[in-house]
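There are 2 protein chains.
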Amino acid sequence: MKNSRRHIRICGTGVAVPENVLTSEAIDRRFGLPIGTVFERYGVRARRYAKHESAASLAAKACDDALARAGLEWRDIDCLVAASATMDQALPYNAAMIVNELGNRARHIAAFDIGASCLSFLVALDTISYLVDCGRYRNVMIVSADIATFSLDWSTLGESAIFGDGAAAAIVRKSRPDEASCILASRVETHAESASHCHIKAGGSRYHPARSDVDFMPLTLFHMDGPRLFRIVSRELPRLMADLLEGAMVKLDQVRLVVPHQASRLALDHLAKRLRIDAARIVDILADFGNQVGASLPSALHHAIADNRLQRGATFMLLGSGAGVTLGGMVMVY
Amino acid sequence: MKNSRRHIRICGTGVAVPENVLTSEAIDRRFGLPIGTVFERYGVRARRYAKHESAASLAAKACDDALARAGLEWRDIDCLVAASATMDQALPYNAAMIVNELGNRARHIAAFDIGASCLSFLVALDTISYLVDCGRYRNVMIVSADIATFSLDWSTLGESAIFGDGAAAAIVRKSRPDEASCILASRVETHAESASHCHIKAGGSRYHPARSDVDFMPLTLFHMDGPRLFRIVSRELPRLMADLLEGAMVKLDQVRLVVPHQASRLALDHLAKRLRIDAARIVDILADFGNQVGASLPSALHHAIADNRLQRGATFMLLGSGAGVTLGGMVMVY
């Protein structure tokens, strides 16, 4: 697989979260546990959860935030890519729902979805970078928004404790000749023999309620076989990262910052240990937001930029795994 | 919008349909109508409908058909893009479900979804062409599979009469220097102020059954405001096509064949009339398959190739509209 360098630049990022906060202390109380138990066990202090918000309304807010930070306006954007893990509604696609939410601000631009569960943002950035570098689109808005709240089994501690809702966006354009910003290399692969280890069965044609008389509600819930997923990712991710670094022709110690998908406390800690990455170089927003599903990776990227941890010219890495099972990584110069 | 020519070649296509056939005569009988009424009114003689089949199982069959016709094997394919209008299940994404269905045949390739409702195939081909031309992927399998059956309101004649289930795939690779095959130009735009004119509300986080106590079943059904959609498409498509032809630097009479999304009898007839395209140059498989949603456009393409109506070196056009509202077109040399 050839990995031509793509001369693109992230020129703005933004985020949005629902209004309502759910603290781990509230979950402690709900499960009758000593205060502090959920945070200690799962590493998430608080997460946001949607009440009136839709994925499209959060996405639109994140886009507006990214535009303001980039100093751009909607008329500068000629393509919007929705890169969420889940659908807002079955039809039309997420990008249409977001452009609809934007009303007169973004009329008649190109809009479509790129999806690969929790790595949708990484895959969308990877894919669209070729079109931006070739000049097909000038400024592309990539936005991820997921509302996990309603698909969670709130009687199960593990799931209640980990996931949060949110949206994050990034605008990319072609780098100017005097800018070092680029994608050095990227890797994406799907280990689909493990597709059933992380799934929501309903929502499509396979388990349509008109198709079976099985109790429908349980099919709408998220299920994850954590230990099995963890084994696959532990086994495969080091190889993928080594291959990625080789493709980028950089050594791990030249990577200033690693922006991982915020899967769980265990996954982030394991990343540091198994891949031998100094924890200080790993962006970790899990405690404050939980695992925001597809929005998790771009949210972490946004906070790294907003907190000035990622600076122009620095080499950094996006890395993660998600349902599919999908593994992916990218080395960029910011 | 720059439209650099992309040197890619469609080197194989394939299709798959469910076993069960539903004739329009059977629908005549169901609604107590004189035999022949449904065909006369809607122009569909028969369509296939899924019973035991899943979208992923149909997709896998269509992929195998395309491989056989291209004289390739699964080990030649390094990327699979699922380009369906609807989800197989909510999580993981469609491409993972398809690769899972393929089992040991396609292990650990890159796999992801590109979605834009009924134009997903066109948008996927348009997008991935840049990656193929740049050498990122060698042979990409693009596959669309939709099962509309369970989302249809079978008490409504119009919907029962039009839609069919199916899958279609195409393999693309970079053209060799002695091959003329390429994309000359492409256009995609979303008129999202009309997103609600064609939708399925349930299936995602917006109308999750855990979120409301409204009767859920009606939310899982497809709804379309045909006349309003028709007005938008009639108004906008001629301009898009003129712009597309200008970008491709070809005149309409140099376009040997037009492969449209098989939306409806009315839409196909209107295409001929409004865009002044000779009906003999329009690929029309509606009578035998109905509107196969996302699989409709690549199925029509497949039949044009299999029936030898599209020959190497000929300039042809993909064209259509879908929920979103999405408009798109592409001029290629086959």
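The listed protein sequences derive, respectively, from chains A and B. Residue numbers for the first sequence follow the numbering used here, so the first one is 191 and each next one is one higher. Residue numbers for the second sequence follow the numbering used here, so the first one is 191 and each next one is one higher. No residue lacks a Cβ here, since even glycine has one placed at the ideal position from N, Cα and C. Keep in mind the model is a prediction, meaning the values are calculated, not measured.
Query	Result
Buried versus exposed call for A/LYS463 [16 or more other C-beta atoms within 10 Å across all chains shown]	exposed
Rounded distance between the beta-carbons of A/ILE373 and A/ARG196, thought under 8 Å	4 Å
Outcome for B/ILE198 when other beta-carbon atoms lying within 10 angstroms are tallied against a minimum of 16	buried
Integer Cβ distance of B/PHE353 from B/ALA335, believed to fall under 8 Å	Wrong, their Cβ atoms sit about 14 Å apart, outside the cutoff.
Under 9 Å by beta carbon: chain A residues contacting B/GLN279	HIS389, ILE390, LYS391, ALA392, GLY393, GLY394, SER395, ARG396, TYR397 and LEU409
CB of A/CYS271 within 9 Å of CB of A/ASP316, strictly	Checking the displayed sequence, the identity of residue 271 of chain A turns out to be Val instead of Cys. Their beta carbons are not under 9 Å apart, which means A/VAL271 does not touch A/ASP316 by this criterion.
A/ARG237 beta carbon less than 9 Å from that of A/LEU212	yes
Segments of 4+ residues assigned as alpha helix (DSSP H) that fall wholly inside the segment 382 to 460 of chain B	416 to 438
Contact with chain B by A/PRO282, beta-carbon distance below 9 Å	yes
Residue-chain proximity (B/THR317, chain A), Cβ-Cβ < 9 Å	yes
Pick from B/GLY518, B/ALA280 and B/ILE475 that is closest to B/VAL234, judged by C-alpha positions	B/ILE475
Beta-carbon proximity list for B/TYR283, same chain, < 6 Å, skipping 5 on both sides	ASP303
Rounded distance between the beta-carbons of B/LEU442 and B/ILE467, thought under 8 Å	7 Å
Length-filtered (3 minimum) beta strand (DSSP E) runs lying within the segment 248 to 284 of chain A	269 to 272
When B/THR203, B/HIS242 and B/ILE299 are compared against A/LEU402, the one with the closest alpha-carbon	The sequence shown places Ser at residue 402 of chain A, not Leu. For A/SER402, the nearest C-alpha among the options comes from B/HIS242.
Close beta carbons around B/SER247, own chain, < 7 Å, minus the five adjacent residues each side	GLU291
Alpha carbon of A/LEU347 to alpha carbon of A/PRO224, nearest angstrom	14 Å
Alpha-carbon spacing of A/ARG326 relative to B/GLU230, whole angstroms	44 Å
A/VAL404, buried or exposed, once every other Cβ within 10 Å from all chains shown has been counted against 16	exposed
Short CB-CB distance (under 9 Å) between B/GLY354 and chain A	no
Coarse secondary structure for A/MET191, derived from DSSP in three states	Low confidence applies here, because A/MET191 scores a pLDDT of 45, under 50, leaving its location unreliable and the question unanswered by this model.
Beta-carbon spacing of B/ALA513, B/ALA357 below 9 Å	no
Chain-ordered neighbours of A/SER345 on chain B, where CB pairs are closer than 8 Å	Near A/SER345 there are no residues of chain B at all, since even the closest Cβ is about 12 Å away, more than 8 Å.
Contact set for A/GLU215: own chain, Cβ-Cβ below 8 Å, skip 5 residues either direction	ILE225, GLY226, VAL228 and PHE229
Against chain B: residues of the segment 231 to 264 of chain A by CB proximity under 7 Å	SER244 and ALA245
Between the CA atoms of A/ALA504 and B/ALA258 - distance to the nearest angstrom	47 Å
Helix, strand or coil at B/ILE299 according to DSSP, with G and I counted as helix	coil
Chain A contacts from the segment 289 to 317 of chain B (Cβ-Cβ distance under 7 Å)	VAL289, ASN290, HIS298, ILE299, ALA300, ALA301, PHE302, ASP303, ILE304, GLY305, ALA306, SER307, VAL313 and THR317
Reference A/LEU461; option with closest CA among A/ARG295, A/GLY510, A/MET287 and A/ARG499	A/GLY510
Cβ of A/MET191 within 9 Å of any chain B Cβ	At A/MET191, the pLDDT of 45 sits below 50, so the modelled position is not reliable and the matter cannot be decided from this model.
Three-way DSSP call (helix, strand, coil) for A/TYR239 in this model	strand
Backbone CA spacing between A/GLN482 and B/GLY222 [nearest angstrom]	52 Å
Beta-carbon contacts of A/MET414 that lie in its chain and below 6 Å, excluding the five residues immediately before and after	CYS388
Sub-9 Å separation of A/SER384 and A/VAL515 beta-carbons	yes
Beta carbon proximity, A/LEU427 to chain B, threshold 9 Å	no
is_contact[B/PHE412, chain A] using C-beta, thresh 9 Å	yes
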